[in-house]
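The structure appears right after this line, and notes come after that.
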Amino acid sequence: MASIAFEDVSKVFDDGTRAVDGLDLEIADGEFTILVGPSGSGKSTALRMVAGLEEASGGSISIGSRVVNDVAPKDRDIAMVFQSYALYPHMSVAENMGFALKLQKVGKAEIQTRVKSAAGRLGIGELLERRPKALSGGQRQRVALGRAIVRSPEAFLMDEPLSNLDAKLRVEMRAYIAKLHQELGTTTLYVTHDQTEAMTMGDRVAVMRDGKLEQVDTPEALYERPANLFVAGFIGSPAMNLLRGSAFEDGVRLGDQRLPIRTSHRGDVIVGIRPEAMEPVSESGPGVLELRVVLSEMLGSDVLLHLEAPTSSVLTGDMLDTADDELPDDTTRFVARVPPSLRPDPGSLVRLRVDPDRVHLFDPSSERVIGR
Amino acid sequence: MNARLVNRGLDALTWLVLLVMLSPILWLVAASLQTDGQLSRGAYNLLEPTFTAFSRMWQTVDFERYLLNSLIICTAAALCATAFASCAGYALARFKFRGATGLSLGVVGTQLIPGSLFLLPVFMGFVWLKQNTPVALFDTHLGMILVYTAFFTPVAIYFMRYFFAAIPRDLEEAAMVDGCTRFGAFVKIVLPAAAPGLVATFVYAFLFAWDELLFVAALTQENAETIPIGIRNFIGNYQERTAQLMAAGVVSTLPVLIAFFATQRWLVKGITAGAVKG
Numbered sequence: 001m002a003s004i005a006f007e008d009v010s011k012v013f014d015d016g017t018r019a020v021d022g023l024d025l026e027i028a029d030g031e032f033t034i035l036v037g038p039s040g041s042g043k044s045t046a047l048r049m050v051a052g053l054e055e056a057s058g059g060s061i062s063i064g065s066r067v068v069n070d071v072a073p074k075d076r077d078i079a080m081v082f083q084s085y086a087l088y089p090h091m092s093v094a095e096n097m098g099f100a101l102k103l104q105k106v107g108k109a110e111i112q113t114r115v116k117s118a119a120g121r122l123g124i125g126e127l128l129e130r131r132p133k134a135l136s137g138g139q140r141q142r143v144a145l146g147r148a149i150v151r152s153p154e155a156f157l158m159d160e161p162l163s164n165l166d167a168k169l170r171v172e173m174r175a176y177i178a179k180l181h182q183e184l185g186t187t188t189l190y191v192t193h194d195q196t197e198a199m200t201m202g203d204r205v206a207v208m209r210d211g212k213l214e215q216v217d218t219p220e221a222l223y224e225r226p227a228n229l230f231v232a233g234f235i236g237s238p239a240m241n242l243l244r245g246s247a248f249e250d251g252v253r254l255g256d257q258r259l260p261i262r263t264s265h266r267g268d269v270i271v272g273i274r275p276e277a278m279e280p281v282s283e284s285g286p287g288v289l290e291l292r293v294v295l296s297e298m299l300g301s302d303v304l305l306h307l308e309a310p311t312s313s314v315l316t317g318d319m320l321d322t323a324d325d326e327l328p329d330d331t332t333r334f335v336a337r338v339p340p341s342l343r344p345d346p347g348s349l350v351r352l353r354v355d356p357d358r359v360h361l362f363d364p365s366s367e368r369v370i371g372r
Numbered sequence: 001m002n003a004r005l006v007n008r009g010l011d012a013l014t015w016l017v018l019l020v021m022l023s024p025i026l027w028l029v030a031a032s033l034q035t036d037g038q039l040s041r042g043a044y045n046l047l048e049p050t051f052t053a054f055s056r057m058w059q060t061v062d063f064e065r066y067l068l069n070s071l072i073i074c075t076a077a078a079l080c081a082t083a084f085a086s087c088a089g090y091a092l093a094r095f096k097f098r099g100a101t102g103l104s105l106g107v108v109g110t111q112l113i114p115g116s117l118f119l120l121p122v123f124m125g126f127v128w129l130k131q132n133t134p135v136a137l138f139d140t141h142l143g144m145i146l147v148y149t150a151f152f153t154p155v156a157i158y159f160m161r162y163f164f165a166a167i168p169r170d171l172e173e174a175a176m177v178d179g180c181t182r183f184g185a186f187v188k189i190v191l192p193a194a195a196p197g198l199v200a201t202f203v204y205a206f207l208f209a210w211d212e213l214l215f216v217a218a219l220t221q222e223n224a225e226t227i228p229i230g231i232r233n234f235i236g237n238y239q240e241r242t243a244q245l246m247a248a249g250v251v252s253t254l255p256v257l258i259a260f261f262a263t264q265r266w267l268v269k270g271i272t273a274g275a276v277k278g
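Residue numbers (the UniProt record's numbering), protein chains in the order written: chain A, 1 to 372; chain B, 1 to 278.
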């Protein structure tokens, strides 16, 4: 096992697209790090540069103590799991899993032992003689994982390995991969656009946008202390509510409502409130927002209330992809997560107390978080 | 009721068209099982077939030699065309390089020029080589293999390019991460995955070379003559051995039919690849 390090790495494609721009990131030995970001953020390119499938235009990439920029993929001692699984169609499951070992000229008996052991661990022992086309999506996924673990490489690289699975299987495999990492302890770099995967699987999560690293931290820290507007909007589901407001001495105003939040900043701010940072109350008071219900969604364990926002909201991160066209543009999106006992009718008013300690303020021009 | 009648009518029409298309082959087989006398009188007796023509055809004409020549030349030419096309098709499908578009257009462009236009230059080239160099191509297996390879390589490139383009890049990338060089990934992973394409391309080139008469008639004299030349020899100035001609027709069609039916699935896929994946 080994650490992986990006030092000022950039990638510019022939057509001039700058896919990765000055990436600095270190993945410690044995760490499970997630690269997350929307489409085109450069996360897959970064991963492919570690694999040697893309050449870095600048900077250096190291695996362990070795700079690998000029090392061929086959000599990097890494294993990769692809989104499409990339199983060799003309080989059986056992041949697929043993292919890398065969190339390393490992003895037949040893290959057989290691393949059987990996297959046993993954629960695909009875599939070894089958061809990939005779396997289900979940089974193919396991074979792809098996092909990676059978080699005991320095690091695993995973490129959106769960995105071709259905929702139920994805949840199952998510836990499975996390468990596998706990058992093997192999350094893993995992790319996904799904922030739920990012939050649940990784020791650390690196959020990327437009080729740049926005923030890297533990999932908890990213959720609790986003460094900028993009990370705030990208991490968390449903996404953080981001509203245009103004900071005064007596607090932050959102339209005609006021939140008692102290800040040295004056003037326009963007106020970030997580759907979970509010609780329904019966009386008005300081820090209580009165909002009109547009729609309520019953999730079983709780209810998502879609409300008319007190001021125009800001779209950022994955919210741009999922913005609801049916809501009015200027008071678009405000979501609160409340207990299932509360099911207000559309059009009625609800009172929600906002936890001031869990409100985030951002500078509208720099989009950076404002310290309080 | 009407729809049913229409369907029945269409079925009948399909069978009729099929019968018309198969009739030359049926006639070929039927005629090969008669004597010359029966054929000249038009008195076919299908209930009492004779295989005399099949046994005598080998003595009348040295048909074995023609068959062997055809097998050698067509197999070698189809193999070479497929091998060259695999390399070129892979390069066109996977790499961006200066002149790639021009090469692609050129490959298709060669198909717009009638092949017979090349006959005279090739013939003169062969004669020139024979007169001025020790390179002997006229009336040799090598000469015909080169000509047919050159003829079928462009189409084969077109086929193979689309077969390779349909193979996910992830496969060779996975192989490279697993320990292959790019060439190793091509040989160990991409080529086996493109096996249907390779077979289709090989059979396509083989079938066309098997039928070719114009070039083999002009560029060979004795040593490298193939079946299309051999079959003509059953009809001479002074005699016509029609039954044996038909028997030779059956014998020369058999390998083609076997090759076609054995690889039909891949052949159709190969021929339609360009149409659906364009």
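Ideal Cβ positions, reconstructed from N, Cα and C, are used throughout, including at glycine.
Asked, Found
"CB contact below 7 Å: A/Lys-105 versus chain B", "no"
"Assigned exposure category for A/Glu-214 - 16 Cβ within 10 Å defines buried", "buried"
"Within chain B, partners of A/Ala-100 - CB distance below 7 Å", "Asp-178 and Gly-179"
"One or two residues paired with A/His-360 in a DSSP bridge", "A/Gly-272"
"Anticipated Cβ contact below 8 Å, A/Ser-246 with A/Arg-253, distance rounded", "5 Å"
"Selected residue, minimal CA-CA separation from A/Leu-162, among A/Pro-153, A/Phe-156, A/Met-173 and A/Ala-155", "A/Met-173"
"Secondary structure of A/Met-298, DSSP reduced to three states", "strand"
"Rounded separation between A/Glu-326 and B/Phe-97 - CA only", "A caution first: A/Glu-326 carries a pLDDT of 38, below 50, which makes its placement in the model unreliable, though a value can still be read off. Using only the alpha carbons, I get a separation of about 48 Å."
"Where A/Thr-322 falls: helix, strand or coil (DSSP)", "Below a pLDDT of 50, predicted positions are generally treated as unreliable, and A/Thr-322, at 44, falls in that range; the measurement from the model is reported next regardless. Correct three-state label for A/Thr-322: helix."
"Rounded C-alpha distance that separates B/Ala-262 from B/Pro-196", "12 Å"
"Members of the stretch 18-33 of chain B near chain E, C-beta cut-off 7 Å", "Absent here is chain E; the protein component of the structure consists of chains A and B."
"Min CB distance B/Ala-174 to chain A below 7 Å", "yes"
"Cβ neighbour criterion (16 or more within 10 Å) applied to B/Ile-25", "exposed"
"Contact belief for A/Ile-34 with A/Met-201 at Cβ below 8 Å, rounded distance in angstroms", "6 Å"
"A/Asp-77 burial status per 10 Å Cβ neighbour count (16 or more: buried)", "buried"
"Buried versus exposed, by CB contacts within 10 Å (16 or more), B/Glu-64", "exposed"
"Residue burial classification, A/Ala-134 (beta-carbon count within 10 angstroms, cutoff 16)", "exposed"
"Beta carbon proximity, A/Ser-3 to chain B, threshold 7 Å", "no"
"Partner residues on chain A for B/Ala-100, Cβ-Cβ distance less than 7 Å", "Correct list: empty, because the minimum Cβ distance to chain A is about 13 Å."
"Proximity to A/Leu-157 [Cα-Cα], best of A/Gly-138, A/Ile-177 and A/Asn-164", "A/Ile-177"
"Residue environment, residue 280 of chain B, which counts as buried when at least 16 other CB atoms sit within 10 Å", "The displayed coordinates of chain B run from 1 to 278. Any statement about residue 280 of chain B would go beyond what the structure contains."
"Positions along the stretch 159-171 of chain B whose CB lies within less than 8 Å of some CB in chain A", "Pro-168, Asp-170 and Leu-171"
"Endpoints, alpha helix (DSSP H) assigned at B/Ala-77", "63-94"
"Classification of A/Gly-233 by the beta-carbon crowding that lies within 10 angstroms, buried from 16 upward", "buried"
"Endpoints, the beta strand (DSSP E) within which A/Ile-61 is located", "58-63"
"Cβ contact check for the stretch 50-64 of chain B and the stretch 203-216 of chain B: 3 or more pairs under 8 Å", "no"
"Test: A/Phe-156 CB closer than 7 Å to a CB of chain B", "no"
"Neighbour list for A/Pro-89 in chain B, Cβ cutoff strictly below 7 Å", "Ala-193"
"Environment of A/Glu-110 [buried if 16+ CB atoms lie within 10 Å]", "exposed"
"Classification of B/Met-57 by the beta-carbon crowding that lies within 10 angstroms, buried from 16 upward", "buried"
"Spatial distance of residue 374 of chain A from A/Leu-229 (CA atoms)", "As shown, chain A starts at 1 and ends at 372. That puts residue 374 of chain A outside it, with no answer to give."
"Any chain B beta carbon closer than 7 Å to A/Ser-152", "no"
"Proximal chain B residues relative to A/Met-80, where beta-carbon distance stays under 9 Å", "Glu-173, Ala-174, Val-177 and Asp-178"
"Under the three-state DSSP convention, the category A/His-193 falls into", "coil"
"Contact residues within the stretch 43-68 of chain A, judged by C-beta distance below 7 Å to chain B", "Ala-51 and Leu-53"
"A/Glu-337 - partner residues in DSSP beta bridges", "The sequence shown places Arg at residue 337 of chain A, not Glu. The partner list for A/Arg-337 (beta bridge, DSSP) reads A/Leu-304."
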